[in-house]
Structures are given as structure tokens and as C-alpha cells.
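Q:
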Amino acid sequence: PSWEAARHYLGSLMWGWMFLGINAMLSVGIALLLLPMLEDLLGITTIFKLREVSTYHPLLRQLEEKAPGTYYHSLNVSALAESAAGAIGANAVLVKVGAYYHDIGKMEKPSYFVENQFTEEDRRKHSKISPHMSCLIIRNHVKLGIEMAREQRLPEAIIPFIAEHHGTTLLSYFYDQARAEDPHGTVSEADFRYPGPKPQTIESAVLMLADTIEAASRTMKLVGEGEIRVFVKRIINDKMVDGQFDECNLTFRQLRILSDSFTRTLRTMMHRRIAYPSMPEVERVPGEPKEEKVQPLFSRGA
Numbered sequence: 008p009s010w011e012a013a014r015h016y017l018g019s020l021m022w023g024w025m026f027l028g029i030n031a032m033l034s035v036g037i038a039l040l041l042l043p044m045l046e047d048l049l050g051i052t053t054i055f056k057l058r059e060v061s062t063y064h065p066l067l068r069q070l071e072e073k074a075p076g077t078y079y080h081s082l083n084v085s086a087l088a089e090s091a092a093g094a095i096g097a098n099a100v101l102v103k104v105g106a107y108y109h110d111i112g113k114m115e116k117p118s119y120f121v122e123n124q125f126t127e128e129d130r131r132k133h134s135k136i137s138p139h140m141s142c143l144i145i146r147n148h149v150k151l152g153i154e155m156a157r158e159q160r161l162p163e164a165i166i167p168f169i170a171e172h173h174g175t176t177l178l179s180y181f182y183d184q185a186r187a188e189d190p191h192g193t194v195s196e197a198d199f200r201y202p203g204p205k206p207q208t209i210e211s212a213v214l215m216l217a218d219t220i221e222a223a224s225r226t227m228k229l230v231g232e233g234e235i236r237v238f239v240k241r242i243i244n245d246k247m248v249d250g251q252f253d254e255c256n257l258t259f260r261q262l263r264i265l266s267d268s269f270t271r272t273l274r275t276m277m278h279r280r281i282a283y284p285s286m287p288e289v290e291r292v293p294g295e296p297k298e299e300k301v302q303p304l305f306s307r308g309a
């Protein structure tokens, strides 16, 4: 009797474990099927969704084809931003994916942006229109990017990186040009600033800095860690003075850590830079903020 009881117990135990395994597999399968619907319904973005859109999404393929300079710029920005976000304990995966998509709006008029100006005709685009029109075209890439992201149903968590990566930065080149053309001094600075909002989260602020640092370093011949460190600190300080971090919770300690991270990553990138295809040397870039063009070492922003 005791042997029969033991065999019955072992049999029941085996069946129980088998049903438990089947139940676990079914639960996981159902969860994976329901996850996309729950993400849409609740407006949340999971790590699975971020990884899905970080692969070769149709928008990224279009960006590479229509605006190759912007595409490679975005890859470099993602490298800077991901490392920096991780260093301060922010959401590095979210920042990385946000960096991939932050400039997708440039696909509409790619040749008006310096990283996509590969011919003399491209580089004369802004000389044929007024400073006000140039400003409108440059600023509009943010609005277009938001529209593209929503049309393609990108995760809602990506949208702020598109909307906030310039904050309310001044398009100083066109502002200065407009003032020079207006002897009566009626040009409003507000008309030459991005509409914002300023970064609302630490992650968005990290992307803003990475975007500015990557673009500004493109035309600089920085030699050695010392020059790179000064360059990075100057850009961070300029953003602070301009009030771009007033609406997020960045601390001075985090800014110091970010500065160190950007310096290390940029130093590595300077040795093995992903070059923009046929990227010409430029000294001054139309449409970029004054605080992002520091002389003599620094020249342009994102």
C-alpha cells in the first residue's frame, strides 16, 4: 500500500508540474499578444516596444535615404546620449531611441540643413531666401517630426525628444542676419527662437546636450582631452545660462557627471568618427544658436 501511495503521489506531482509549465507558457504568450494593445490603451512604453522601434524601422530607412547626413548625426548623438544617461542613472534605452528619431522632420527639406548640404547648390539654399523664411524652414523640422512620429505610431514616449531637443534656443545666425538687414531695429528675438517646450525631463535634457555637442564638434579640430573638456563644459554652461534646463530636474552634480561622460565618449568618437557622407568643411552654420558657436574653438550646434 505504501508503494502504491508513493507512486500515485509522484504521478500527481509530475502532472501538476506539467500543467504548471503549460500554464506559464500560455500566460507568457497571452501577455506578449496583449502587450501592444495594453501599451496603446494605457499610453505606456515598455522596453520591448523601445527595442522594436530601435531596429531598422521604416522611418529610419527613409531618414537614411533622404537625409543621410542627419541619419549619421543621429547615430552619433545616440552614442553620446546613451552613455551620458547611463552615467547619471537616467533611462539610457529611452534616450538612445529618442536620439534615433529626434531629427526625422528634416526629411521634408533635407538640403536646408548643413549636414545634408553636399553640393554648392545645396550650400546656397539660404542665400536665396530671407532670414525669416530660413528660420521658418529650420524651426519647422520639429513640428514635421512630431507629425511623422504620430502618423507612424511611434511610442508616445519618443515624441518629447523630437519636440524638446532644441527647447527655445535662438537661431542666432538668421537673427543676426535679419538685424543687419533692418536698420530700424524692429526685429524681434522671439521670432527667431524655437517655440519649445524646453526639456521637461532629465532624459530630454541629455539629448539636447548630446545633439548640440555632436553637431558643434563636427567642424572643430579638437586636440586632446583638455580641449574637448573645455568645449563640452562651455556648451553645458551656455545652455544653463540660456535657461534651457529651467523646467527639468537636472542637478549640478548630474551636470558634472554628464560633462565627464560626454568628454570621454567624444574623445573616443574623434578617433573613429562616423563621417557624414561627402560632408564639406564649414566655418559657420546657418540657423544655429549663438551660444553654440564659441570662438575660437567652437562653431556650431545641432
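Using the numbering used here, the first residue of the sequence shown is number 8, and each one after it goes up by one. The beta carbon of each residue, even a glycine, is placed where N, CA and C say it ideally should be. Because the structure is a prediction, the values reported are computed rather than measured.
(1) Run the CB neighbour count on residue 20, radius 10 Å, all protein chains shown included, and call it buried at 16 or more, exposed below.
(2) Around the Cβ of residue 127, are there at least 16 other Cβ atoms within 10 angstroms (buried) or fewer (exposed)?
(3) Between the region 56-68 and the region 135-154, do three or more beta carbon pairs fall short of 8 Å?
(4) In the DSSP assignment, the alpha helix (DSSP H) including residue 139 goes from what residue to what residue?
(5) If you measure between the beta carbons of residue 99 and residue 89, is that distance less than 7 Å?
(6) Between the Cα of residue 112 and those of 87, 58, 173, 93, spot the shortest distance and give me the residue it belongs to.
(7) Taking three-plus beta-carbon pairs below 8 Å as touching, is the region 103-111 in contact with the region 158-173?
(8) When you compare only the Cα positions, how much space is there between residue 163 and residue 51?
(9) Just the C-alpha distance for residue 222 and residue 110, rounded to the nearest angstrom, thanks.
(10) Nearest-angstrom Cα distance between residue 101 and residue 203?
(11) Rounded to whole angstroms, what is the Cα-Cα separation between residue 123 and residue 114?
(12) Sorted by chain position, which residues of the same chain lie with C-beta nearer than 8 Å to residue 200's C-beta, five sequence neighbours on each side aside?
(13) For residue 274, which of helix, strand or coil comes out of DSSP?
(14) One question on the structure: do residue 272 and residue 87 come within less than 7 Å of each other, judged by their Cβ atoms?
(15) Can you have a look at residue 76 and say buried or exposed, based on whether 16 or more other CB atoms are within 10 angstroms of its CB?
(16) What would DSSP say about residue 131, mapped onto helix, strand or coil?
(17) Nearest by alpha-carbon distance to residue 82: which of 95, 94, 68 is it?
(18) In the DSSP assignment, find the alpha helix (DSSP H) that holds residue 182 and state where it starts and stops.
(19) Expressed to the nearest angstrom, what Euclidean distance is found between the alpha-carbon atoms of residue 121 and residue 139?
(20) Locate the alpha helix (DSSP H) running through residue 88, then write down its first and last residues.
(21) Quick one: what's residue 200 bridged to in DSSP?
(22) What number of angstroms, rounded off, separates the C-alpha of residue 143 from the C-alpha of residue 225?
(23) Tell me the residue span of the alpha helix (DSSP H) that contains residue 167.
(24) What is the DSSP secondary structure of residue 63, reduced to helix, strand or coil?
(25) Closer than 8 Å by C-beta to residue 211: which residues in its own chain qualify, once you throw out the five before and the five after it? Chain order, please.
(26) Determine whether the beta carbon atoms of residue 242 and residue 220 lie at a separation below 7 Å.
(27) Candidates 277, 246, 194, 251: which alpha carbon is nearest residue 232's?
(28) Using alpha carbons as the reference points, say which of 72, 131, 132, 160 lies closest to residue 56.
(29) Quick one: residues in its chain with C-beta nearer than 6 Å to the C-beta of residue 274, no 5 flanking neighbours on either side, listed in chain order?
(30) On a CA-only basis, which of 119, 22, 260 is nearest residue 135? Give me that one, please.
A: Here's the rundown:
(1) exposed
(2) exposed
(3) no
(4) 138-158
(5) yes
(6) 173
(7) yes
(8) 8 Å
(9) 12 Å
(10) 20 Å
(11) 10 Å
(12) 175, 176, 177, 178
(13) helix
(14) yes
(15) buried
(16) coil
(17) 68
(18) 179-188
(19) 17 Å
(20) 75-94
(21) 177
(22) 24 Å
(23) 166-171
(24) coil
(25) 105, 167, 168, 171, 172, 255
(26) yes
(27) 277
(28) 160
(29) 232, 235
(30) 119
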